[in-house]
Amino acid sequence: MQEAVSLAPLWLTLKVAGIATLIAFLIGVALALLFARVRFAGRDFLDAMLTLPMVLPPTVLGYYLIVLLGRRSVIGQWLEATFDFTFIFTWQGAVIAAAIVALPLVFKSARAAFEGVEPNLENAARVLGSKEPKVFVRVTLPLAMRGILAGTMLAFARAMGEFGATLMIAGNIPGRTQTLSMAVYDAVQAGNDSLANMLVIIISVTCIVILVSSGKLLTPRY
Amino acid sequence: MKLAVDIDLTLRSAHRSFALNVAFATADDRVVIFGPSGAGKSVTIQAIAGLVRPQRGRIVLGDRVLFDSATRTNVPSRERRVGYLFQDYALFPHLTVEENVAFPLRRLLHLSLSCDARQRVRDMLDLFELTLLAHSLPRDLSGGQRQRVALARALIREPQVLLLDEPFAALDVMLRERVRQELADLQQRFRVPLVVITHDVDDVKMFAETLVVYGLGQVSRVLPCKTLREQHGEAHAWQEMTKACGLSAA
């Protein structure tokens, strides 16, 4: 008789990845627009900083997060004193870790998408009497949307699979911060192959469903 | 139409810089700017449309000063009321023919057009024989159809001047002659002054009432073709025009 597989890690993974993707989307698109439109001092440096989460080992990233947000940090102490809240060993910590590894994916593709919009199309809208907000909403954004959404899907996939940085900051507490990828690791370590098999199938099917449906969504109309 | 342009403009990119110093004025309704590629013709009409900003000078259209560096006047593109036909037409690829034509009438926060605006779009589609294509996307249109959409879109807000950047260059030779005639008819119908950029002498013949010939970044000749025609007849005017364009008279 096989033990019942708890779906808690799946729901937690979807919740963490969903919120993290939303955060990465909002910040990533805003930064992409800034980079595509404005030349400012320190642009290249900031660009490198934003790319860092893609290249650094996740454990290093997790360590940075602990230093920055942990109980001994200024931010951590302030959060604990004011709200009695901490990112350490909580699912919110996992959200922060996933959002940071996902951010460069949204940022990079959104920036390329904004820069790829034909300037003459925006100029055409201006000559046709449009104010800047209309140019952005009716021309720039719709034309960049495909690239932005593609980046967002990658970000979600990356957030779902996040392991290293999450382990460092949120730990691996079953029922509280144990996401699917952690549960797989635990199951394998414990020699529970049937559980590992179940979890691996769940995460694979979920990813395939998401990728296929987003592929449909991203098919261009024009 | 009164159009006076007197501008200095330097464009710099990483590898080259280009200086444009041009001045011409006209009261005719059909102006042709003729010259080789890279002479600064496009930049000139971009400046008239407010898409590039000259370092110095003055642009007057009708009784409105669109740009004047001395008084720091620079009317934004959206308020210049000019129509601009881009060389590749710059149709919005994500919008249907109907949505492209209706674009200038759409308000950002309104979900639909007013009754009056909808009627104007219908009339425009009808006039340009686009009604059957109303729901097509630009990528499904032929070159000539695309140009009609671009013209309908440019004219729906009744601009004070229509600027055309090499309007026939993208069309095949068979189509060119017909479209040229259509555009001439259109100009009569809408009573909209034209500024046509070209390096095709046939366009000069068809449209020029005032001919402005460009050299590299400079005006080399301004020819009042309409006056010439009236005073000395078609043949003489044509001779002068071809001479001005640097071609031997046919």
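These protein sequence lines map, in sequence, to chains Y and V.
Letter by letter, the first sequence follows residues 7 to 228 of the numbering used here.
Letter by letter, the second sequence follows residues 880 to 1129 of the numbering used here.
Heads up, the beta-carbon is just placed ideally off N, CA and C, and yes, glycines get one too.
- Nearest to Q1039 of chain V by C-alpha distance, out of V:R1027, V:L940, V:F1086, is V:L940.
- Residue state for Q998 of chain V is assigned as helix, using DSSP reduced to three classes.
- For L1065 of chain V, the enclosing alpha helix (DSSP H) begins and ends at 1052-1069.
- Between the C-alpha atoms of P972 of chain V and A1033 of chain V there is a straight-line separation of about 16 Å.
- The alpha-carbon separation between H1111 of chain V and L1041 of chain V amounts to approximately 29 Å.
- By the CB criterion at 8 Å, T183 of chain Y and T92 of chain Y fall outside the cutoff.
- Taking C-alpha positions only, V107 of chain Y is separated from C213 of chain Y by approximately 18 Å.
- Rounded to whole angstroms, the gap between the alpha carbons of L984 of chain V and L1009 of chain V is 18 Å.
- Interface residue (Cβ-Cβ distance to chain Y less than 8 Å): V1058 of chain V is not classified as such.
- A residue is called buried once 16 or more other Cβ atoms fall within 10 Å of its Cβ, and S136 of chain Y is buried on that count.
- Considering only Y:T65, Y:T185, Y:K114, the residue with the shortest C-alpha distance to M159 of chain Y is Y:K114.
- Residues are counted here when their Cβ sits less than 8 Å from a Cβ of chain V; for the stretch 119-153 of chain Y these are E124, N126, L127, N129, A130, A131, R132, V133, L134, G135, S136, K137, P139, K140, V143, R144, V145, P148, L149, given in chain order.
- Pairwise C-beta distances place the stretch 111-125 of chain Y in contact with the stretch 145-159 of chain Y, as three or more of them are shorter than 8 Å.
- Under the 8 Å criterion on CB atoms, L987 of chain V is classed as interfacial with respect to chain Y.
- Looking only at V:S896, V:V911, V:L899, the smallest Cα-Cα distance to M1085 of chain V is reached by V:V911.
- At a cut-off of 8 Å between C-beta atoms, A1048 of chain V does not count as an interface residue with respect to chain Y.
- Sequence-distant Cβ neighbours of D885 of chain V in its own chain, meaning closer than 6 Å and more than five residues away, are A902, G936, R937.
- Residues of the stretch 967-983 of chain V whose Cβ lies closer than 9 Å to any Cβ of chain Y, in chain order: D967, Y968, A969, L970, F971, P972, H973, L974, F982, P983.
- Contact annotation: A23 of chain Y and A131 of chain Y have beta-carbon atoms that are not nearer than 8 Å.
- For R1032 of chain V, the closest Cβ of chain Y is nearer than 8 Å.
- With 16 or more neighbouring CB atoms inside 10 Å of its own CB, N129 of chain Y falls in the buried class.
- Within 8 Å of the CB of L930 of chain V, the CB atoms of chain Y belong to N129, R132, V133, in sequence order along the chain.
- A contact between stretches requires three or more CB pairs, one per stretch, nearer than 8 Å, and the stretch 22-39 of chain Y meets this requirement with the stretch 97-104 of chain Y.
- In the three-state scheme derived from DSSP, where H, G and I count as helix and E and B as strand, A904 of chain V is classed as strand.
- R1025 of chain V sits buried, since 16 or more C-beta atoms from the chains shown fall within 10 Å of its C-beta.
- Counting other Cβ atoms within 10 Å of its Cβ, Q925 of chain V reaches 16 or more and is therefore classed as buried.
- With the rule of 3 Cβ pairs closer than 8 Å, the stretch 170-179 of chain Y does not count as touching the stretch 36-43 of chain Y.
- Counted as a single uninterrupted DSSP element, the alpha helix (DSSP H) harbouring G99 of chain Y occupies residues 97-121.
- Measuring C-alpha to C-alpha distances from D1079 of chain V to each of V:L890, V:P915, V:R895 identifies V:P915 as the nearest.
- Under the three-state reduction of DSSP output, S921 of chain V falls in the helix class.
- Taken through DSSP and simplified to helix, strand or coil, N129 of chain Y comes out as helix.
- The residue among Y:P139, Y:P110, Y:T146, Y:L111 with its C-alpha nearest the C-alpha of N126 of chain Y is Y:T146.
- For S956 of chain V, the residues of chain Y that pass the 8 Å Cβ criterion are N129, R132, V133, in the order they occur in the chain.
- Rounded to whole angstroms, the separation of the alpha carbons of V980 of chain V and E168 of chain Y is 47 Å.
- What F897 of chain V touches in chain Y, judged by beta-carbon distance under 7 Å, is nothing: the nearest beta carbon there is about 18 Å away.
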